[in-house]
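Following: one structure in structure tokens, then a few remarks.
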Amino acid sequence: MPRIDAPTVAEHRAARERALLDAARGLLTDRPDRLPTLAEVGELAGLSRSSVYQYYASRDDLLSAVVRDSFPRWQQRLDTAIAAATGPRGRILAYLRVNLELVADGEHALARTLVSVAPSEELARRSQTFHDRLLVPLRGALEELGVPDPETTTELLNGLVHTASRVVERTGELERTYDATAALVDAYLRTLPGPAPA
């Protein structure tokens with residue numbers, strides 16, 4: 067039986083999988099223009115190429131695992147922030163804030179890399195499903211505010227978030243970008259009929 071570095075085989079396997087996922091994430095973040103080979107991922111994780119195949123049959127298999135690992139964590143960050151927000155305005159600003167924080171943390175670049183360089187149709191479908199789910203709380207907050215066309219407004223606000231994301235990527239200025247973007251969103255929200263949005 068091979069030597070294990072954990073109390074149980076299951077924990078050993080989980081630790082190795084975690085090391086491979088972290089290595090793949092690191093390589094994808096550092097070199098977003100290319101997919102790492104399984105040998106490169108294994109080397110960074112401290113495993114031989116043949117050992118990597120005990121966990122992932124192919125590079126696509128590893129990339130799918132990175133997506134399965136990353137997207138739920140991003141969703142959890144958004145869900146937590148939105149649950150803590152007060153009122154629809156607070157949820158909209160939380161959506162903005164978390165997205166910009168993901169950019170500042172390098173997570174958005176990783177997501178973009180996964181979508182753009184990974185050839186798998188399953189990965190593209192999973193990415194689109196994840197993106198659509200991320201928009202649900204934004205659309206819900208706009209509907210609660212009585213926005214006449216919440217679908218279009220959701221896409222427009224999401225476009226503003228993407229533009230702000232590029233500013234954060236280019237400048238590294240999270241707070242300044244958030245403040246400017248939140249001011250634009252607030253200005254729009256104050257034009258809506260009814261009481262000032264909470």
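Going by the numbering used here, 256 is the number at position 190 of the sequence shown; the sequence numbering is gapless. Ideal placement from N, C-alpha and C gives every residue a C-beta, glycine not left out.
Around the beta carbon of Thr243, a 10 Å sphere encloses 16 or more other beta carbons of the protein chains shown; the residue is thus reported as buried. For the alpha helix (DSSP H) assignment, the uninterrupted runs of no fewer than 4 residues enclosed by the region 165–237 are, from N- to C-terminal side, 173–183, 187–210, 216–237. Rounded to the nearest angstrom, the Cβ distance from Leu94 to Tyr121 is 17 Å, too far for a contact under 8 Å. Val133 is positioned such that its CB atom lies closer than 8 Å to that of Leu180. Non-local beta-carbon contacts of Arg115 in its own chain, meaning distances under 7 Å to residues more than five positions away in sequence, involve Leu104, Ala105, Gly108 in chain order. Residue Arg192 holds the alpha-carbon nearest to the alpha-carbon of Ser136 among Gly112, Thr146, Arg192.
Leaving aside the five residues that flank Ala170 on each side, the residues in its chain whose CB is nearer than 8 Å to its CB run, in chain order, Val234, Gly238, Leu240.
Gln141 is positioned such that its CB atom lies closer than 8 Å to that of Arg199.
Sequence-distant partners of Ala111 (beyond 5 residues in either direction) whose C-beta falls short of 6 Å from its own C-beta, in its chain, are Ala85, Leu86, Ala89. Glu210 and Pro154 have their C-alpha atoms some 7 Å from each other. Between Leu162 and Thr219, the C-beta gap is not smaller than 8 Å, which leaves the two residues out of contact. The alpha-carbon of Ala190 is positioned some 20 Å away from that of Leu168.
In the DSSP assignment, Tyr244 falls within the alpha helix (DSSP H) that extends over 240–255.
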